[in-house]
Each structure stands twice: as C-alpha cells, then as structure tokens.
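A short write-up of the structure that comes next.
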Ligand SMILES: [Zn+2]
Ligand SMILES: [Zn+2]
C-alpha cells in the first residue's frame with residue numbers, strides 16, 4: 019500500500035519536475051557547442067526521459083509497439099530534423115515580409131518592452147499558442163482533408179514517447195510548426211519565448227507517455243497522459259462527436275469549449291481500454307504510406323462533392339475504410 023502511495027505521489031510530481039529540469043537545461047545550454055554536434059538534442063532527451071518513465075511506471079493496458087519501432091524512429095527523425103526546417107524555409111520569408119511591408123522593420127513590435135512585463139509575455143505566449151493549437155487540432159478532426167492527414171496519428175495502438183511525433187509532416191507542421199514561426203516575428207522577449215516553448219514542448223511530449231503516470235488535479239490544467247489517452251480512444255465517448263480532449267498542452271481549453279472528457283469511478287480516473295483509430299483501421303508500419311496520404315486524389319473528389327463536410331460525421335473514416 020505504501021509502495022502504491024509513493025508511486026502515485028511521485029507520478030504527480032513528474033510534469034512539474036520535467037518543466038523545471040528542461041527550463042534549466044535550455045537556459046544553461048543556450049548558444050553552447052552541444053547544439054552543433056547534436057542539433058535538437060533537447061527533443062531527443064525529452065523522448066529518452068519519457069521512455070525511462072514508461073519503464074518505471076508500467077501501464078496495465080500497454081500494447082507492444084516493437085513492430086512499428088522503425089517507423090517511429092523515421093517519423094521522429096523527419097519531424098524533428100526536416101519538417102520544421104522545410105516549412106520554415108517556405109513560410110518564414112512570407113511572415114518576415116509582413117512587418118517589413120507594414121512597419122519597415124523585421125518584427126511587428128520594435129522592442130520587447132512594448133509587449134508588457136516579462137511574466138505577462140510568457141502568459142500571452144502560452145495562452146495564444148495553446149489556443150491556436152487547440153482549434154487547429156479540433157479542425158484536424160472535423161475537416162475531411164485535415165482528418166485524412168491527421169488520422170494516421172490516431173492509428174497507433176498505444177501512446178508512447180516514440181509515437182508522439184508520428185504524424186504526416188503536413189499534419190505535424192500545421193499543429194506544431196506554423197504557430198511558432200508566427201511567434202518569431204512578433205517581437206517577444208527571447209527568454210520569454212524560450213521558457214514558454216520549453217513548457218509547451220515538454221507537455222506535448224509528456225502527453226504521449228505510455229506509463230501509468232497520474233495527473234491528479236493537473237489533469238484539469240494540463241494535457242496529461244490520462245487526458246490524452248481519451249483523445250486516442252478507439253471508442254469516442256458518447257456525445258463527443260469526432261473526439262474529445264483536443265488540447266495539445268492545456269486541458270482547460272477543452273473544459274471551456276465543452277470537449278473535456280475524463281471519467282472517474284470511486285475517486286479514480288478511468289482510462290480507455292483500447293487505443294486506436296475510431297474507424298477501426300489498424301496501425302500502419304510503412305512510413306511511406308503515411309506520406310502518400312497527401313496525394314490521394316479521392317479525398318479531394320469526395321471533399322468537393324460534400325460541401326458541408328464539417329457537419330457530416332465520420333466522412334473521413336468512411337473514406338479511409
Ligand atoms: Zn488528434
Ligand atoms: Zn496524440
């Protein structure tokens with residue numbers, strides 16, 4: 019019993035400890051040579067840390083992901099090292115042109131002081147980034163074309179540190195790259211951006227932890243693994259339409275917009291028994307087939323024939339099936 023209590027209490031502390039740990043790491047290694055010999059080493063360290071947590075806090079409904087490990091590693095490599103850089107090359111010149119054209123300078127605000135005190139900038143960044151990601155993620159479930167791309171992320175049969183980055187690159191970029199590029203041209207304090215982005219990245223990665231880690235009251239503020247598992251449930255809870263828990267870092271957006279779902283039984287959080295595609299499609303271990311989704315002609319034909327696809331339930335599931 020004492021053993022169980024220690025596990026429960028310690029799992030509650032994981033997210034705050036990860037926050038502090040990675041904020042210290044990011045601030046102390048800024049501009050250091052480590053980024054030269056292993057770019058994005060911090061992302062890899064977060065994933066590695068979560069893999070260790072999965073080994074310590076083993077989960078009763080865990081489903082082995084060994085058969086798709088190669089696919090997971092390729093997806094991590096592509097979405098960590100290629101997607102952001104490629105989208106940045108295309109989008110950044112366009113974004114940079116806007117303040118240049120309007121104000122004759124590189125940033126929308128000439129100095130960070132114009133955006134208020136340091137702490138307020140962190141609050142503004144966290145709220146605006148998470149608000150944008152909530153709605154783009156919700157659209158990725160309700161719009162047929164976006165769902166066709168995003169549904170691959172939902173074919174995984176369990177949440178793991180290794181499949182948090184498993185997404186079609188276009189789907190990944192819409193949710194995880196564009197908003198940060200916009201952030202870069204506003205003119206926020208660089209340290210405020212660094213700390214906020216660390217917080218959002220750590221939470222998003224941690225939400226895919228496959229271990230039996232508890233959220234407690236944090237479930238109502240952050241997207242913990244307990245909250246995100248319901249987003250990946252093979253059976254969408256009754257009355258929730260396409261899915262629930264769309265938040266990427268904060269769960270209070272779901273509470274605010276009526277999409278939060280986290281049932282309890284005798285004081286304990288209940289978890290879905292099966293993770294997977296809501297239309298029943300099995301996981302796809304071939305990474306190239308994930309990339310191919312963008313070029314499937316029929317999704318555009320059906321989209322064109324269905325003007326009110328937003329209201330047509332499960333259209334994309336039917337197409338895929
Ligand atoms: Zn989703
Ligand atoms: Zn996910």
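Numbering (our numbering), first residue to last: 19 to 339.
All residues carry an ideal CB built from backbone N, CA and C; glycine is no exception.
*Could you give the residue range of the alpha helix (DSSP H) that holds residue 119?*
For the purposes of this step, residue 119 is identified with residue 101 of the chain shown, where counting begins at 1. Here the alpha helix (DSSP H) through residue 119 covers 101 to 121.
For this session: Compare the C-alpha of residue 269 against each of 151, 133, 301, 139 and name the closest.
Result: Indexing the chain shown from 1 puts residue 269 at position 251. Of the listed residues, the one whose Cα sits closest to residue 269 is 151.
According to DSSP, which residues form a beta bridge with residue 286? Here residue 286 corresponds to residue number 268 of the chain shown, with the count starting at 1. The partner list for residue 286 (beta bridge, DSSP) reads 283.
Exercise for the section: Return the bridge partner residues of residue 293 from the DSSP annotation. Expected result: As a working mapping, residue 293 is identified with position 275 in the chain shown. In DSSP, residue 293 forms a bridge with 251.
Review point. Hey, which residues come within less than 7 Å of ligand 3, measuring from Cβ to any heavy atom, in chain order?
Key: Annotation note on ligand 3: not contained in the displayed structure, which lists ligand 1 and ligand 2 as its ligands.
Q: List the residues that DSSP assigns as beta-bridge partners of residue 268.
A: Working through the chain shown from its first residue, we reach residue 268 at position 250. BP columns for residue 268 point to 240.
Please give the ranges of any alpha helix (DSSP H) in the segment 150 to 229, keeping only runs that are unbroken, at least 4 residues long and fully inside the region. 162 to 168, 187 to 194, 196 to 204, 208 to 224
Going by alpha carbons, who is nearest to residue 82 out of 228, 266, 51, 29? Locating residue 82 in the chain shown gives position 64, where the first residue counts as 1. Among 228, 266, 51, 29, the Cα nearest to that of residue 82 is on 228.
- Query: With C-beta atoms as the reference, is residue 130 less than 8 Å away from residue 205?
  - Reply: One-based indexing of the chain shown puts residue 130 at position 112. One-based indexing of the chain shown puts residue 205 at position 187. With a cutoff of 8 Å on beta-carbon distance, residue 130 and residue 205 are scored as near each other.
> Who are the near neighbours of residue 157 in its chain, counting only those whose CB is closer than 8 Å to its CB and skipping five residues on each side?
Replying inline: As a working note, residue 157 is residue 139 in the chain shown. Result list for residue 157: 164, in chain order.
### Heavy atom of ligand 2 within 7 Å of residue 246 beta-carbon
Against the chain shown, residue 246 aligns to sequence position 228. The answer is yes for residue 246.
Candidates 64, 27, 31, of which the one nearest residue 44 by Cα:
For this step, residue 44 is matched to residue 26 along the chain shown. Residue 44 has its Cα closest to that of 64, out of 64, 27, 31.
inquiry  = Quick check: the Cα distance between residue 99 and residue 189, rounded to an integer number of angstroms?
reply    = Here residue 99 corresponds to residue number 81 of the chain shown, with the count starting at 1. Here residue 189 corresponds to residue number 171 of the chain shown, with the count starting at 1. About 16 Å.
- prompt: Nearest-angstrom Cα distance between residue 282 and residue 288?
  reply: The residue labelled residue 282 in the question sits at position 264 within the chain shown. The residue labelled residue 288 in the question sits at position 270 within the chain shown. Using only the alpha carbons, I get a separation of about 5 Å.
Given a cut-off of 8 Å, decide if residue 291 and residue 412 are closer than it, judged by their beta-carbon atoms. Given that the chain is displayed from residue 19 to residue 339, the structure contains no residue 412 and the question cannot be resolved.
One question on the structure: do residue 183 and residue 94 come within less than 8 Å of each other, judged by their Cβ atoms? As a working note, residue 183 is residue 165 in the chain shown. As a working note, residue 94 is residue 76 in the chain shown. Yes, the Cβ-Cβ distance between residue 183 and residue 94 is below 8 Å.
To the nearest whole angstrom, what separates the beta carbons of residue 155 and residue 238, a pair I think is in contact under 8 Å?
Indexing the chain shown from 1 puts residue 155 at position 137. Indexing the chain shown from 1 puts residue 238 at position 220. Contact flag wrong, Cβ pair sits at about 18 Å.
*asked:* Just verifying my parser: in three-state terms, what is the DSSP assignment at residue 51?
replied: Against the chain shown, residue 51 aligns to sequence position 33. Residue 51 falls in the coil class under three-state DSSP.
Original post:
Would you say residue 226 touches ligand 2, meaning its beta carbon is less than 7 Å from a heavy atom?
Top reply: Taking the first residue of the chain shown as 1, we reach residue 226 at position 208. Yes - ligand 2 has a heavy atom lying nearer than 7 Å to the Cβ of residue 226.
**Study point:** Inter-residue spacing [alpha-carbon to alpha-carbon] between residue 144 and residue 218
**Key:** For this step, residue 144 is matched to residue 126 along the chain shown. For this step, residue 218 is matched to residue 200 along the chain shown. Approximately 7 Å between the Cα atoms of the pair.
**Prompt:** Shortest alpha-carbon distance to residue 86 belongs to which of 105, 107, 60, 180?
**Reply:** As a position in the chain shown, residue 86 is number 68, starting the count at 1. Of 105, 107, 60, 180, the residue nearest in Cα terms is 180.
Practice prompt. Determine the direct distance from the alpha carbon of residue 200 to that of residue 11, and round the result to whole angstroms.
Written response: The structure shown does not extend to residue 11, since the chain is modelled only from 19 through 339, so no value can be given for it.
Check: I think residue 296 touches residue 254, with their Cβ atoms under 8 Å apart; what is that distance to the nearest whole Å?
Finding: The count along the chain shown starts at 1 and reaches residue 296 at position 278. The count along the chain shown starts at 1 and reaches residue 254 at position 236. So it is a contact: roughly 5 Å between Cβ atoms.
Excluding sequence positions up to five away, which residues of its chain have a Cβ less than 7 Å from the Cβ of residue 176? Locating residue 176 in the chain shown gives position 158, counting from the first residue. Taking C-beta separations shorter than 7 Å and ignoring five residues to either side along the sequence, the partners of residue 176 in its chain run 80, 81, 83, 228, 293, following chain order.
* Span of the alpha helix (DSSP H) holding residue 61? -> For this step, residue 61 is matched to residue 43 along the chain shown. Following the DSSP letters along the chain, one finds residue 61 inside the alpha helix (DSSP H) bounded by residues 59 to 74.
Item to check | Per-residue DSSP class, three states only, for residue 305 | outcome: As a first step, residue 305 is located in the chain shown; it is residue number 287 there, counting from the start. In the structure shown, residue 305 sits in a helix (DSSP, three-state: H, G or I).
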